[in-house]
Amino acid sequence: QMDNQTLMIQAALDNDSGKPAKITGVAYSGGTFAQMWDSRPLVLDLAGLELAPQIPLMVSHEYSPEKKLGEVKAEITDNQLVIEGEICSETAEAKEIIAMGKKSSWQLSIGADIVSRTIVNENDKIDVNGRTFTGPLIVVSRAKLREVSVVALGADENTSMQIAASFALKLTST
């Protein structure tokens, strides 16, 4: 029993509350994706992906300081690259990404340095990320993850980013 007090729950947009917006998502689903520099599909072998403890979260692979949204932790789960972290930037663009992300999903894209790759010829088969792929394609067998970007349309159409709803509890007197 709370004498003369009412517990009110208010939904709070993360960017208006001053707290970083918590995010989770699939940055790479483990399948094929296209790149402008080659007509063959690519597959990133997650077993050969080097992950740093903190990965920059950027806007559309733009590497200027004002395009950094925050940092994420990345891990490989169920043959996918999943991320969790925060958008802590207070730029107008970051606030727009958060606001729009609460209404619809963003996609994600990765930026990685290729260390080694394998060419798979037409009709040849290769097992990667728990799946069998048929060439022609390129398998990036070793790479270093440099960044994850929030994008409107990712090369891997099975990516997504979710922004967690936050709530503020406020006690008010009646």
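12 is the number of the first residue of the sequence shown in the working numbering; add one for each residue after it.
Cβ atoms here follow ideal geometry from the backbone N, Cα and C, with glycine treated the same way.
No experiment lies behind these values; they were computed from the predicted model shown.
In the DSSP assignment, G96 falls within the beta strand (DSSP E) that extends over 91 to 98. Per DSSP, K30 is not a residue of any beta strand (DSSP E), being assigned neither H nor E. Secondary structure at E86: strand, using DSSP grouped into helix, strand and coil. If you draw a 10 Å sphere on the C-beta of S160, you find 16 or more other C-beta atoms in it, and that means buried. The three-state secondary structure of P64, taken from DSSP, is coil. G59 carries a helical assignment under DSSP once its states are collapsed to helix, strand and coil. With the rule of 3 Cβ pairs closer than 8 Å, the stretch 123 to 143 does not count as touching the stretch 104 to 111.
Between K79 and Q65, the C-beta spacing is not below 8 Å. Taking 8 Å as the cut-off, the beta carbon of V126 is found no closer than this to the beta carbon of R157. Ranked by how close their Cα comes to the Cα of N169, the residues K30, K33, I34, Y39 have Y39 in first place. Here W117 is bridged, per DSSP, to M172. Look at P147 here: in three-state DSSP terms it is coil, with no helix or strand label.
Between the beta-carbon of I94 and that of A32 there is about 13 Å, and that puts the pair past the 8 Å contact cut. One thing to note: L92 has its Cβ no nearer than 8 Å to the Cβ of I130.
Going by beta carbons, R142 and G36 fall outside the 8 Å limit. Counting every other CB atom within 10 Å of its CB across the protein chains shown gives S71 a total below 16, marking it as exposed.
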